[in-house]
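For reference, the structure discussed in these notes is given below.
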C-alpha cells in the first residue's frame, strides 16, 4: 500500500493526537487553514488540561485520506469541467470545457479571460499541494449557496464509462480525480531562497514538512502566551508576611521554579484564609499579651517618644508664626513699615520744592534713586562722594551734569543716606522677612499628623485622645495660616483679634507627655520578661496575622497560582509541539524517497529543458522543522538571491523538471494538468517544454495545458502533429470586462481563425455597418469602414497562408511544414491578379497612410459589396481546387481527438 510507512508512523502511540489529526487534514486539503490550526490547538489544550471544553474527535490518518497515485491504480480520465455556478466571475451559462481522453488538450485564454478560475477548480478537484479556496463573485452580494461545478470523468478500460456528477464547494471531490496531478507556480513546491537553494518536496515529505511547520506555528502561539504570563508574574506579590508561618511557606511556592505537582492547591490555599470572630478575638488576646511584654513595650515607648519629640519641634516653629504673639509681631512690623515709609515720603516731598518735577517721594522713586546711587559708585569709583553729583555725567540720562543738576543730585544723595530713608528701608526688610516665612510655611493635615503619631496613639486610648488634640491644633493652625496670608495680601490686620484660638499650652502638654514617657521607659528597662512564653506568643501572633492578611490578599494570590499552573501546562503543550521527532522521520524517509532513479530522472529532465548549463545538484538537508530535498546551485561566488542568477524562464523550467521527475513516483500514466508552464520572456525554451509535454502524452498520459501564450499554443499543436497524437483546443474569452470564462470558438484570437470563419465575421461586420445607417458622405463612419477593410485584407492574407500554400508556413509556428507543399494550389496566372486587386482595394482604405491630396470619399455600399463578393468568390474557387488535390489523402493533420 502506498504511504504505508507514513500511516504506520502517524498511528504510533507516542504520536500526539493533534499530529494524527493534522496529517489527515493535510492529506485531504493540502494546507492547514486558520480554522484547522485552531482545532488542533484545542486538541493540545485538552490534552494538557488547559481547557475542559469538548473538542472535535480525532480522526487519524488513513489510506483513504491520501491522494494515492500508485502506479498500479487505474487511470482516471477527466472528461469535462462545467458548467460552473457561483465560481469567481465565471459565466454560468457556458458549455463545459471538454478534454480529449487521448493526447493533448489546450485551453487557450488571454489574460483576464477567466482561465485562472478554471485552474483553481482543477486544483480543488485533483491532486494539488496548494489547493486554492473558491470564492463567488466578490463584486456582488454573497450567494446563499456555495460554488458548484458539473464534472464528467471515467476510469481506464476498453470503453471508459462516463460518470457525471455535480461537486459543491466544501464537499470532498471524487477520490478518483486525486490521481491527476496539477502543476502551476504555487504547486510546483519550488522555492528560490536567499541561501541559494531551490527546494523541492515529493508528496509524502511535503506532508511531513507541513506538519513540522504546523508544529512550529502552534509552538509559536503557545510561546506568545507563555511570554505574556512571564511578564505578568514579574509583578511582585503583596509582601509583609512573616517567614516560617504556614501561610508564608505556601506562598513561597508561588514562583516559576515550582513544579506543577508541588504548587499548592487552590482549595488548600483558600483554607488558610478562613477568618472569623473567633480568630479575631484570639489575635487580639495574643497581641494584648505581647504588648504587656516589657521588652515590646520598651521598644514601642521609645518609638512613641521619638514621634512626640519630632512633632514638638515642628509645632514650636509653627506657633512662633501663627500664635497670637506671632501674628501680633507681623502686624506690628507692617505698622512700623507703613509709618516709616510715610515719614520718608514726606521728607522727600519737602525736598522736591522748587524742583522741575515736584511730585517725588514715592516708594518707586526712592528705589530708583537707591539703584542710581549704587550704579554711580560702580561707574565713578575714584570720584568723591556724593558720586551722584560729582560724576562726569548723569547716570540716568547719560548727559553731562550742569551745576543745577549736580546740586539736585547732591540733595537726593543726602536724602537717601539720611536716617529717615534708612529707617524706612530697614522696616520694609523686616516685614518682608516675616511675610516670606509665612509664605514658606507648610502644615500637615490632621490625618497626616495622626499618622506621624501612630505608635504613640497606639499605647492607650488616653494617648490616642492626646493625638487627636494635637491634630486638632494643626487644623486650627491651618485656618489661621490662610487668614494671615489674606491679611498680608489685603495690607490690613484688623481681623487678627477674631481668629480661632489655638491652645496656648499645647507645647507644655507635649513636654508633660514626654516626661511621662521617659518615666515609663526607665521603669521598663528594669522589668523582667518570660522569653519562652513571648516566643510562643510571637509565633501565634505571626500565624494569625498572616492568615488575616492572606484573607485580604487571597484573590491576588489565587490569580498568581492560576497563572503559574497555566504556564506549566503551556510548557507541557509546547512539548507536544516539538518538531524533533518529525524532523527525524523526515530525515529517514527522504533517504528512502530520494532514490537514485529520482536523481537520474531529474538530471534527464534538466537536460531536456535546456538547464544543463546551470550547475545543479540534488541533495537533502534539514533546517529546523524544514526538511527538504533541494536542488542547489553550486555557484562559486556568493549571491544574495537565486533570482539574480536564474531567469524567470529558467526558474519555471526548473520547477517543471522537478514536477516531471516526481511523476515517476506518482505513476507513469496518470494525467497531468499544467498551467502556464513557460515564461513569455523565454522563447528559446518554449519548444523544449512543448516537446517534453507532448512526450508525456505519447507515453499514454492525458495532458491538459492552460496557457495564454499563443506561440506556445502553436508549438504544442505542431509537436503533437509531428508525434501523430490528437490535440484538441478549447478557446476561452471574456465579454466586456463583466463576463468571464466564455467557452466558444468565436473567442479565439483573430489570427488563429480560419479563412471561412473570417469571411463569416466579415459579412456580419458589413451587415452591422449598413444597419448603423452607413453613408459614404459622412466621415464619422470612416473608423467602422476601416475596421471592415482591415478584416478583409487580413482574410486575403489568411487565404494565401492557409489554402494557396496549404499552411506550409504559418505565423507563430517555427517549423516549415514541407509535406504540405504537396497540396499547395497556387496558380500565379490565375490567382495573382485577383489577390493583387483585392489587396489593393483593401489597402486603399486600411493599412496605409493616405496622401493629403487624395479625396476623402468613402466607398459606396455597391463598392463594398463588390469587394466582399470578390473575396468570397476567390475563396470558394481556391478551396474547391485544394479539396480536389487533397481528395483521398491526409497529411500532417494528425489523429482526431476522442472524448468521453
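In the UniProt record's numbering, the protein residues as written are 1 to 900.
Glycine residues also receive a C-beta, built at the ideal position from the N, C-alpha and C atoms.
Remember, predicted model here, so these are calculated numbers, not experimental data.
Who are the Cβ neighbours of residue 860 in its own chain at under 8 Å, not counting the five residues just before and after it?
776
Where does residue 495 fall in DSSP's three states?
DSSP places residue 495 in coil when its eight states are reduced to three.
For the putative contact between residue 77 and residue 121, defined by C-beta atoms under 8 Å, what is the C-beta separation to the nearest angstrom?
That belief does not hold up - the Cβ atoms of residue 77 and residue 121 are roughly 17 Å apart, past 8 Å.
Hey, could you find the ends of the beta strand (DSSP E) residue 154 is sitting in?
148-155
Opposite residue 727 in the DSSP bridges: which residues?
104
Nearest CA to the CA of residue 146: which residue from 221, 171, 744?
Proximity to residue 146 across 221, 171, 744 peaks at 171, based on C-alpha coordinates.
Whole angstroms are fine: how far does the CA of residue 454 sit from the CA of residue 438?
In this structure, the straight-line span from the alpha carbon of residue 438 to that of residue 454 is close to 28 Å.
In the structure shown, what three-state DSSP assignment does residue 85 receive?
strand
My assumption, with CB atoms under 8 Å, is that residue 589 sits in contact with residue 211. Please give the rounded CB distance.
Actually they do not touch by this definition, with Cβ atoms about 12 Å apart.
Measure from the alpha carbon of residue 565 to the alpha carbon of each residue in 226, 61, 15, then state which is nearest.
226
Is the beta carbon of residue 601 closer than 9 Å to that of residue 102?
no
I'd like the span of the alpha helix (DSSP H) that includes residue 228, first residue to last.
203-232
Distance, residue 299 Cα to residue 306 Cα
11 Å
Express the C-alpha separation of residue 16 and residue 572 in angstroms, rounding to a whole number.
12 Å
If residue 110 and residue 66 are in contact, beta carbons under 8 Å, what's the gap, nearest whole angstrom?
At roughly 37 Å, the Cβ-Cβ gap does not stay under 8 Å, so residue 110 and residue 66 are not in contact.
Can you have a look at residue 334 and say buried or exposed, based on whether 16 or more other CB atoms are within 10 angstroms of its CB?
buried
Check residue 675 in the structure and name its three-state DSSP category.
DSSP places residue 675 in strand when its eight states are reduced to three.
Look up residue 167 in the DSSP assignment and say whether it is helix, strand or coil.
Three-state result, residue 167: strand.
With a cut-off of 8 Å, do at least 3 Cβ pairs link the stretch 467-486 to the stretch 320-328?
yes
Pull up the distance between the alpha-carbon of residue 598 and that of residue 3, whole angstroms please.
Their Cα atoms are separated by approximately 17 Å.
Residue 742 bridges to which residues according to DSSP?
733
Rounded to whole angstroms, what is the Cα-Cα separation between residue 149 and residue 229?
49 Å
Quick check on DSSP: helix, strand or coil for residue 476?
helix
Identify which residue in 445, 313, 476, 434 has its Cα closest to the Cα of residue 514.
313
With a cut-off of 8 Å, do at least 3 Cβ pairs link the stretch 90-108 to the stretch 53-67?
Judged by Cβ distances under 8 Å, the stretch 90-108 makes no contact with the stretch 53-67, as fewer than three pairs qualify.
Could you tell me which residues DSSP puts in a beta bridge with residue 181?
127, 672
Do residue 247 and residue 547 have their beta-carbon atoms positioned less than 9 Å apart in this structure?
Contact: yes.
Using the three-state DSSP reduction, which class does residue 689 fall into: helix, strand or coil?
helix
Starting from residue 98, follow its DSSP beta bridges and name the residues at the other end.
80
Exposure label - residue 192; buried when at least 16 CB within 10 Å
Summary for residue 192: the model assigns pLDDT 45, below 50, so the residue's position carries little reliability; its value from the coordinates is reported in the next sentence. Buried: at least 16 other Cβ atoms inside 10 Å.
By the 10 Å Cβ neighbour count, where 16 or more other Cβ atoms means buried, how is residue 71 classified, buried or exposed?
Its pLDDT being 46, under 50, residue 71 is placed unreliably by the model, and nothing is read from it.
Which value, in whole angstroms, describes the spacing of the CA atoms of residue 409 and residue 485?
40 Å
Taking the beta carbon of residue 14 as the centre, do at least 16 other beta carbons fall within 10 Å, making it buried, or is it exposed?
The residue in question, residue 14, is exposed, as its Cβ has fewer than 16 Cβ neighbours within 10 Å.
7 Å CB neighbourhood of residue 399 in its chain, flanking five on each side removed:
393
Euclidean distance between Cα positions of residue 476 and residue 522:
Distance between the alpha carbons of residue 476 and residue 522: 35 Å.
Using the C-alpha atoms, what's the distance from residue 749 back to residue 719?
21 Å
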